[in-house]
Amino acid sequence: MSADREAVLELQGVQFGYSSRPVLEDIQLSVAPGSFLGLVGPNGSGKSTLMKLLLGLLEADEGTIKLFGTPVQSFRDWNRIGFVSQKAGSFNSGFPATVFEVVSMGLYGKIGLFRFMKKKHKNRVMEALRLVGLEEYSGRQIGMLSGGQQQRVFIARALVSEPELLILDEPTVGVDADSVRNFYELLKELNRNKGITLLLVTHDIGAMSDYVTDVACLNKCLHFHGATGEFISNKDEMMRAMYGHDVSVIEHNHDHGHHDHHHDHDRSEAVK
């Protein structure tokens, strides 16, 4: 990879465990700028631990993690990274804040918690809301929005600092199917048209493969990391290797409006 295409994320030989129980083993992963990586794996596969390592909340037992070429322990430019977690399924609908105020929270690192916002900051908030299609909802109470709309607000909050990398941890939990499709379309647009590198952690293997450029399959170690087309061609083998048995993957056929079901075993674990 050339200097101007330096990896946004790079993990080499990363291992982590609690006491004597290994959680992640020898993770080798490189994410190129402009890619849209879908990270999939069963419950207990280490996905959440990996997210915490990437965000500097945990420290690896072995190996190195770099963000934009800088070791995570010394990385300080966190405005370059946006993070969206499982907010829609657990958000307190009575929280007294408008959509504009929630998105503004993404700028506190730049303007300070209690300082008055300048016009340029207000414009940044409205631009972020425009990107997610919620500009007209800026004055609405966040608790009045649907789960899908709330998740778009949290994406806007992450986008307002103009990050180069957006990490999303199971962002569609608690969101209805139609909103999930719209949500993925939004992510695709941010990746293709805005050039934002995306890392999506999800159970939704079938829907994910319609949108991401690359796939990584995790269950303590990486069982696959490559282009989406290669993943689809070897999907059955990858799923057996990752889950230890046959699983069902629901493939989304948007042209014909129906789903094809394969391997009618353990659908509930593979697709959430």
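Taking our numbering, the leading residue of the sequence shown gets 1292, the next gets one more, and so forth. Just so it is clear, CB atoms sit at the ideal spot from N, CA and C, and this is done for glycine as well.
Residue i - containing beta strand (DSSP E), residue span
i, result
"Q1364", "No beta strand (DSSP E) holds Q1364; DSSP gives it neither H nor E."
"A1507", "1505 to 1510"
"T1488", "1488 to 1492"
"L1457", "1456 to 1460"
For residue i: DSSP bridge partner residues
i, result
"Y1309", "R1312"
"L1450", "Per DSSP, none; premise fails for L1450."
"E1301", "S1321, K1357"
"F1327", "L1489"
"Q1432", "T1389"
Outcome for residue i when other beta-carbon atoms lying within 10 angstroms are tallied against a minimum of 16
i, result
"M1499", "buried"
"Y1502", "buried"
"Y1309", "exposed"
"E1301", "buried"
"A1351", "buried"
"D1505", "buried"
"Q1441", "buried"
"K1485", "exposed"
"G1332", "buried"
"G1337", "buried"
"G1520", "exposed"
"S1311", "exposed"
"R1443", "buried"
"L1564", "Only positions 1292 to 1563 of the chain appear in the structure, and residue 1564 is not among them; the question remains open."
is_contact[residue i, chain C] using C-beta, thresh 9 angstroms
i, result
"G1465", "This model lacks chain C altogether; it includes just one protein chain."
Residue i in three-state terms, based on DSSP
i, result
"H1412", "helix"
"A1419", "helix"
"F1515", "strand"
"D1317", "strand"
"A1498", "helix"
"F1374", "strand"
"V1466", "coil"
"G1438", "helix"
"N1473", "helix"
"N1334", "coil"
Sequence-distant residues of the same chain with beta carbon closer than 6 angstroms to residue i, five excluded per side
i, result
"F1366", "L1358"
"M1533", "C1508, N1510, H1514"
"L1481", "I1487"
"G1360", "E1297"
"V1471", "T1463"
"D1527", "none"
"F1327", "N1482, L1489, V1503, T1504"
"V1363", "G1347, I1356"
"R1415", "V1451"
Sequence-distant residues of its chain with Cβ nearer than 7 angstroms to residue i (five each side left out)
i, result
"R1448", "V1393, V1394, M1396, G1397"
"A1419", "V1394, A1447, L1450, V1451"
"M1529", "C1508, H1514, F1515, F1522"
"S1376", "D1460"
"N1473", "G1439"
"V1492", "L1330, K1338, M1342, L1459, D1460, E1461"
"L1346", "F1374"
"E1316", "Q1306, K1511, C1512"
"M1417", "E1426, S1429"
Residue range of the alpha helix (DSSP H) that includes residue i
i, result
"D1352", "Counting along the chain, D1352 falls outside any alpha helix (DSSP H), and DSSP gives it neither H nor E."
"D1527", "1526 to 1534"
"L1425", "No alpha helix (DSSP H) holds L1425; DSSP gives it neither H nor E."
"V1390", "1390 to 1395"
"T1340", "1338 to 1345"
Proximal residues to residue i (C-beta, below 8 angstroms), its chain only, five neighbours per side dropped
i, result
"T1389", "S1429, G1430, R1431, Q1432, I1433"
"V1423", "R1443, V1444, I1446, A1447, L1450, L1477"
"G1304", "D1317, I1318, Q1319, E1353, G1354, T1355"
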